[in-house]
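Oh and the sequence shown: position 66 is 793 in my numbering, straight run, nothing missing.
Idealized CB from N, CA, C, for every residue including glycine.
Predicted, not measured: the structure shown is a model, and the values here were computed from it.
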Amino acid sequence: MRSLARRSLALYEEAKVHETSLRRIVAAWHPELLDQQGVGPIVAATVLCAWSHSGRFASEAGFAALAGVAPIEASSGMTVRHRPSRSGDRQLNRAFHVVVMTRLRYDERTIAYAKRRSSEGKSDREIKRCLKRYVARSLFRLLESAPIETG
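As structure tokens, then:
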């Protein structure tokens, strides 16, 4: 048990070192990304790796499709609804999920949005899909408009 505890502590310290390195890299490339609520160094690195460079995507819809958060119509009969795509970059989708879950817990505007949409009859799953699409749109615009820091 002691050796497992020591190994656990060593891995925790190693993870902190890697996270610090990631934060430094992201801050050198796109520091404004770390200012967004719910975006830490791991999420930011995932988003930057998927985004790659300005001009890679023709529009924010392409970036959302890559992440699998672009809506797909799933209507039947009298019901009109959309569902998320199950394809795309699953790591990027997970990064958006982390941002959405953080905002649902701590951001007042997001909490109010979720309550409003819930009262309109949207399910929690549909609300999260809409929020992921919003996060994809806002992060894409941020990355495309921000000048790249060199140094």
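(request) Under the assumption that F867 contacts E787 (Cβ atoms under 8 Å), give the Cβ distance between them as a whole number of angstroms. (result) Numbered from its first residue, the sequence shown carries residue 867 at position 140. Numbered from its first residue, the sequence shown carries residue 787 at position 60. Contact annotation, F867 with E787: C-beta distance approximately 4 Å; criterion of less than 8 Å satisfied.
(request) Can you give me the start and stop residues for the alpha helix (DSSP H) that P798 sits inside? (result) The residue given as residue 798 occupies position 71 in the sequence shown. It is not in any alpha helix (DSSP H) - P798 instead sits in the beta strand (DSSP E) that spans 798-800.
(request) Kindly confirm or deny that the region 759-770 and the region 828-837 touch, where touching means at least three C-beta pairs closer than 8 Å. (result) Yes, they touch.
(message) Assuming contact is defined by CB atoms lying nearer than 8 Å, are N820 and A794 in contact in what I supplied?
(response) Translated into positions along the sequence shown, residue 820 becomes position 93. Translated into positions along the sequence shown, residue 794 becomes position 67. A contact, by the Cβ cut-off of 8 Å.
(message) Counting C-beta neighbours from all protein chains within 10 Å, is the total for K855 16 or more, i.e. buried, or is it exposed?
(response) On the sequence shown, position 128 is the one that residue 855 refers to. Classification for K855: buried.
(request) Check H757 in the structure and name its three-state DSSP category. (result) As a position in the sequence shown, residue 757 is number 30, starting the count at 1. If DSSP states are grouped into helix, strand and coil, H757 belongs with coil.
(request) Spell out a yes or no on whether the region 796-812 and the region 832-842 are touching, meaning 3 or more CB-CB pairs, one atom from each, closer than 8 Å. (result) By the C-beta criterion, the region 796-812 is judged not to be in contact with the region 832-842, since fewer than 3 inter-stretch pairs fall below 8 Å.
(request) Along the alpha helix (DSSP H) that carries R852, what are the first and last residues, could you check? (result) In the sequence shown, counting from the first residue as 1, residue 852 sits at position 125. Counting along the chain, the alpha helix (DSSP H) containing R852 begins and ends at 851-872.
(request) Identify every run of the alpha helix (DSSP H) within the region 766-810, keeping only runs that are complete inside it and at least 4 residues long; order them along the chain. (result) If we require 4 residues or more, the alpha helix (DSSP H) runs fully inside the region 766-810 come out as 768-778, 787-794.
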